[in-house]
Amino acid sequence: RALGQCDFDYECPPQGSDVENNPLETFPNPRNTNGFIHCSHGIAYCKDCAATYPGTPALVWDDTKKQCERSVACDLLATSKWSACSKLCDGGTRQRTTTCSHLGSPITCNKCTNGKDVEIEACNTWSCPKCRRQVDIGLLLDSSGSIKEWDVVANAAAEFTEVMQNQDVSIQIGVVIFASDSAVVKSLNEPVTVDEIRTLKRTDGGTATSIGLNTMGQQIFNTANGDRPSAQNVVVVFTDGASDSATQTISAAQKLKNSGIEIYSVGVENANLRELEQMSSDAGHVFYTNNIRDLTEALYGALKAICPD
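If you count by the UniProt record's numbering, then the sequence shown holds residues 1 to 309, one letter each, in order.
Here is the structure:
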């Protein structure tokens with residue numbers, strides 16, 4: 001049925017009436033007795049037009065045109081933050097949601113000419129680097145209370161893992177999380193999946209970075225747990241860089257560096273850059289973002305440094 005065939009003149013019952021409060025109440029279409037309309041919060045909907053656009057909600061009555069319209073001009077109430085990009089490199093997508101209103105009442109933004117329920121755009125379109133050497137990587141994830149959005153950190157670490165697991169050379173990944181204490185999630189010789197990292201639960205507490213670094217040296221880079229003499233050892237630290245003791249952190253990091261382990265720091269939101277530089281192998285091993293939702297961009301910098309093309 002063409003759009004113009006379901007137009008009608010109909011005023012919704014007064015707001016607050018029994019009929020108006022029941023959004024499922026339907027009425028015959030005055031212009032077409034085979035179709036129905038219903039009212040919800042003062043807005044008339046064309047039930048007989050919905051089939052014109054399969055998969056979409058009922059159309060909205062446009063009081064100016066006196067007909068059912070697929071879209072009307074709405075007020076945009078709020079837009080969420082962009083989600084994390086779905087991929088670290090080689091092109092992913094991110095999305096955000098929008099809420100709308102029409103004539104003072106909430107409405108699905110997909111019915112509006114000036115809004116969508118979900119906006120999707122491309123992100124991280126740069127190419128993934130290719131590793132040309134074997135690497136044993138220890139991911140050290142700060143899950144302390146000062147990290148505001150743990151899910152973003154876990155997702156970024158998962159994307160990093162996915163890229164590394166798709167290399168032509170052998171890459172092993174061990175995972176340690178830390179707060180007031182540390183815990184080994186996966187040793188180098190234990191298989192780890194992207195979903196396991198993405199769904200890691202935070203431990204919360206203080207920021208004992210030194211304990212996490214010591215755990216890396218003692219339990220991750222250990223031949224009994226999979227460390228390979230033929231592979232380069234690398235630690236990637238995700239942190240806000242404000243440890244409970246900078247002195248202990250720098251000392252623990254120096255022990256790792258003295259044993260030939262490269263340390264990269266990926267700092268987020270208000271990180272202590274001086275501490276990150278002292279903890280890392282050098283200033284070129286520090287990658288930072290002031291917006292935690294841009295963490296993947298900083299992490300990509302670390303990835304390129306570990307695996308230069």
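Note that beta-carbon positions come from the ideal geometry of N, C-alpha and C, so glycine has one too. The model shown is predicted, which means the values in this text are computed figures rather than measured ones.
Residue i in three-state terms, based on DSSP
i	result
residue 105	strand
residue 149	coil
residue 262	strand
residue 251	helix
residue 281	coil
residue 140	strand
residue 336	Examination of residue 336 is not possible in this model, given that the chain is present from 1 through 309 alone.
residue 225	helix
residue 233	strand
residue 301	helix
residue 96	strand
residue 161	helix
residue 273	helix
residue 195	helix
residue 188	coil
residue 75	strand
residue 218	helix
residue 246	helix
residue 156	helix
residue 296	helix
residue 49	Its pLDDT being 45, under 50, residue 49 is placed unreliably by the model, and nothing is read from it.
Whole-angstrom distance between residue j and residue i, CA atom to CA atom
i	j	result
residue 243	residue 89	30 Å
residue 237	residue 83	23 Å
residue 174	residue 81	31 Å
residue 313	residue 267	There is simply no residue 313 to check, as the chain begins at 1 and stops at 309 in what is shown.
residue 351	residue 123	Past the boundaries of the shown model lies residue 351; the chain is included only from 1 to 309, so the question cannot be answered.
residue 229	residue 120	45 Å
residue 151	residue 235	21 Å
residue 299	residue 160	7 Å
residue 55	residue 145	Low local confidence applies: a pLDDT of 37 at residue 55 is under 50, so the model's placement there is unreliable, and no value is given.
residue 301	residue 106	43 Å
residue 103	residue 78	16 Å
residue 296	residue 285	16 Å
residue 283	residue 148	25 Å
residue 232	residue 97	43 Å
residue 261	residue 308	17 Å
residue 100	residue 76	5 Å
residue 248	residue 156	27 Å
residue 95	residue 287	25 Å
residue 112	residue 153	35 Å
residue 93	residue 125	9 Å
residue 201	residue 195	12 Å
residue 186	residue 224	13 Å
residue 25	residue 190	In this predicted model, residue 25 has a pLDDT of only 48, less than 50, meaning its place in the structure is not dependable; the value taken from the coordinates is given anyway. The straight-line gap from Cα to Cα measures roughly 59 Å.
residue 246	residue 258	18 Å
residue 19	residue 158	Low per-residue confidence applies at residue 19: pLDDT is 46, beneath 50, and the placement is therefore not dependable enough to give any value.
residue 272	residue 87	27 Å
Proximal residues to residue i (C-beta, below 7 Å), its chain only, five neighbours per side dropped
i	result
residue 215	176, 182, 184
residue 193	none
residue 212	140, 176, 178, 182
residue 252	210, 213, 214
residue 289	268, 295, 297, 298
residue 277	283, 286
Beta-carbon contacts of residue i that lie in its chain and below 6 Å, excluding the five residues immediately before and after
i	result
residue 294	none
residue 128	89, 90, 163
Whole-number beta carbon distance between residue j and residue i, since they are thought to touch under 8 Å
i	j	result
residue 179	residue 205	4 Å
residue 130	residue 172	With a Cβ gap of about 17 Å, residue 130 and residue 172 do not count as contacting.
residue 198	residue 169	That pair is no contact at about 24 Å.
residue 109	residue 74	7 Å
residue 256	residue 220	Contact doesn't hold; Cβ gap of about 10 Å is too wide.
Own chain, CB closer than 8 Å to residue i, minus 5 neighbours either side, in chain order
i	result
residue 22	Only weak support is given to the placement of residue 22: the predicted model assigns it a pLDDT of 45, under 50, and the value that follows is read from those uncertain coordinates. Answer for residue 22: no residue qualifies.
residue 33	Residue confidence for residue 33 is low, a pLDDT of 45 falling below 50, so the modelled location carries little weight and cannot support an answer.
residue 264	234, 235, 236, 237, 280, 281, 285, 286, 287, 302, 305, 306
residue 291	269
Residue i: CB within 7 Å of a non-hydrogen atom of the ligand SAM
i	result
residue 164	This structure lacks the ligand SAM; in fact it carries no ligand of any kind.
| query | Would you say the stretch 113 to 125 touches the stretch 136 to 155, given that touching needs at least three Cβ pairs under 8 Å? | reply | Contact between the stretch 113 to 125 and the stretch 136 to 155 is absent: fewer than 3 CB-CB pairs across the two stretches fall below 8 Å.
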